[in-house]
Amino acid sequence: MSTVRLERDGALAHVILDRPGQLNAISPELLGDLDGACATIEGDAGVRAVALTAAGRAFCAGADLAVVQELAPDPERWRGFMDLWHRVFDRIERLPVPVVAGVHGVALAGGLELTMVCDLVVVDAEARLGDQHTNFALLAGGGGSQRLPRLIGARRAKELMLLGGWLDAQQALAWGLVNRVVPAGTVVEATLALARELADKSMEASRTAKFLIDRGLDLDLRTGLELEKRVVAEHMQGEEAQAGLRAFAERKRAKDRG
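Heads up: the sequence shown is residues 291 to 548, going by the working numbering.
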């Protein structure tokens, strides 16, 4: 891979966007490398969490402008680029383990959309997130119009997308677009620490909770509740759940004795 680095630290997989000279702009090559990283993670049963960060001055400045200018006039080539984009972003979103994005500098347009397919987002206190497509008569095509309202509600999604504006770190936190704001210059360490914390949890419980939350967003409440009953019942028969019950009972008995 030439635009993405994949490093392993115990049960943690660290994916690093590595086009710093282009502010990690999204190109077919970068998408292909992210696809390859996903394949490696999916094939490694020892990976229990993923951290996604970026090299250089920014997390991701969106689509590579040179690529857009080249492909947009040709409907067939543009459709191929968008199909690849959506397939790879969907694959990141469906990874069976939690994915934590660590954002510094800017997450703009497609970079913002990349954060949306991660499970948790940590941002540098000086980072900015935005979608400025409409300022240039353009539209978000990497899933933003569908995922953003699901994350922050339709009113706020429309405000951000229609006005083509920016959010600072604290406003993104207040809107529910990110999970944590950390001091400037510490986002990589904080992201890795959070991912390691997730990796220490039960893999089966994390996998099942992630599935139920993501799948439930596509269902009405009653159908989602029925899905939860069925999936949780299956989960409770597993070895990890049985071991967890025994550990919880033993801790309770120890507390009662103490």
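Ideal Cβ placement from N, Cα and C applies to all residues, glycine included. Here the structure is a predicted model, which is why all the values come from computation and not from measurement.
Beta-bridge partners assigned by DSSP to E516: none are found. In the three-state DSSP reduction, G432 falls in the coil class, being neither helix nor strand.
Around the Cβ of V472, a 10 Å sphere holds 16 or more other Cβ atoms; the residue is buried.
In the structure shown, the three-state DSSP call for D325 is helix.
Counting C-beta atoms within 10 angstroms of its own C-beta, L453 has fewer than 16 neighbours from the protein chains shown and is therefore classed as exposed. If you draw a straight line from the Cα of G346 to the Cα of R381, it is about 25 Å long. Excluding residues up to 5 positions away in sequence, F379, I382, E383 lie with their Cβ nearer than 6 Å to the Cβ of V407 in the same chain. In the DSSP assignment, L507 falls outside any alpha helix (DSSP H) and carries neither an H nor an E.
Residue environment for F349: buried (at least 16 other C-beta atoms within 10 angstroms of its C-beta). In this structure, the alpha-carbon of R536 lies about 20 Å from that of T498. By the Cβ test, the region 394-405 is in contact with the region 305-316, since at least three Cβ pairs between them sit closer than 8 Å. Along the region 385-417, the beta strand (DSSP E) occurs as fully enclosed runs of 3 or more residues at 389-393, 396-398, 410-414, listed in sequence order.
With contact defined as three or more Cβ pairs closer than 8 Å, the region 475-494 and the region 430-438 are not in contact. For L296, the enclosing beta strand (DSSP E) starts and ends at 294-299. The criterion of a C-beta distance shorter than 9 Å is not satisfied by G326 and V357. DSSP places L342 in the uninterrupted beta strand (DSSP E) bounded by 339-344.
Within its own chain, the residues whose Cβ lies closer than 6 Å to the Cβ of L374, once the five positions on either side in sequence are excluded, are L321, listed in chain order. The C-beta of A464 has fewer than 16 other C-beta atoms within 10 Å across all chains shown, which makes the residue exposed.
In the DSSP assignment, A485 falls outside any beta strand (DSSP E) and lies within the alpha helix (DSSP H) extending over 477-489.
With a cutoff of 9 Å on beta-carbon distance, P365 and E332 are scored as not near each other. Looking at the DSSP output, H304 bridges to E297, A341.
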